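Student: Numbering (the numbering used here), first residue to last: 35 to 128.
The structure follows.
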């Protein structure tokens with residue numbers, strides 16, 4: 035199974051790292067804020083289609099990520115100290 039750049043979803047205020055279709059399938063089985071939201075149901079369908087070989091891993095993972103984002107389950111991490119310095123340098127150049 036294809037692996038992806040890991041994303042962290044927060045289910046029941048607990049972080050869960052999702053980096054593969056199997057991880058996404060497991061995350062979709064957990065309680066979500068809105069279980070019947072169309073984007074979540076579409077993500078479930080896409081994961082099932084992917085596991086059956088009828089859909090690409092990328093499309094299924096994108097559907098999962100979109101559903102998680104729509105329900106506010108993805109949290110953005112603060113930029114690293116190095117990235118903050120880089121941003122400062124970039125601003126100085128402008």
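Where a beta carbon is used, it is the ideal one built from N, C-alpha and C, also for glycine.
If you're wondering where the values come from, they're calculated on a predicted model, not measured in any experiment.
Helix, strand or coil: which one does DSSP assign to residue 65?
Tutor: Residue state, collapsed to three classes: coil.
Student: What ranges does the beta strand (DSSP E) occupy inside the stretch 38 to 84, keeping only unbroken runs of at least 3 residues that lie completely in it?
Tutor: Correct list: 48 to 54.
Student: Go to residue 103, then tell me how far its alpha helix (DSSP H) extends in each direction, as first and last residue.
Tutor: Counting along the chain, the alpha helix (DSSP H) containing residue 103 begins and ends at 91 to 104.
Student: Is the closest heavy atom of the ligand NAD to the C-beta of residue 105 under 7 Å?
Tutor: Absence of the ligand NAD is noted for the structure shown, with no ligands found whatsoever.
Student: Compute the Euclidean distance between the alpha carbons of residue 88 and residue 127, then round it to the nearest angstrom.
Tutor: Residue 88 and residue 127: Cα-Cα distance of roughly 49 Å.
Student: Residue 44 and residue 99 - do their beta-carbons sit closer together than 8 Å?
Tutor: In this structure, residue 44 does not lie closer than 8 Å to residue 99 by Cβ.
Student: Our contact map puts residue 83 next to residue 94 with C-beta atoms below 8 Å; I'd like the distance itself, whole angstroms only.
Tutor: Contact flag correct, Cβ pair sits at about 7 Å.
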